[in-house]
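Novice: Sequential numbering of the sequence shown, starting at 1, is according to our numbering. Idealized CB from N, CA, C, for every residue including glycine. Note that the structure is predicted; figures quoted are calculated from it, not measured.
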Amino acid sequence: MTRLLIWSGVFLGGWIGWWLGAKLGFGWAFFLSSLGSIAGVFLGWKIGQDYF
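(1) If you draw a straight line from the alpha carbon of Ala-29 to that of Leu-5, how long is it in whole angstroms?
(2) I need the DSSP call for Gly-25, collapsed to helix, strand or coil.
(3) Restricting to Cα atoms, I'd like to know which of Trp-45, Tyr-51, Leu-35, Leu-43 is closest to Gly-17.
(4) Going straight from the alpha carbon of Gly-25 to that of Trp-15, what length do you get?
(5) Can you tell me the Cα-Cα spacing of Gly-44 and Ser-33, whole angstroms?
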C-alpha cells in the first residue's frame, strides 16, 4: 500500500506543481513539478507508515 501511496503522491504532486508552474512560465513548471514530486514521495510515504 505504501508504494501505491508514494506513486500517487509523485503523480499528483508533479501534476499540481506543473500546473502552478505553467502559470509562471515553462522554467518554473519543470522546477515546481520536481518539488511537487519530492513532496508527494514524502507525503505518500508518511501516510503509508502512519495509517497502513
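Specialist: In brief:
(1) 23 Å
(2) coil
(3) Leu-35
(4) 15 Å
(5) 16 Å
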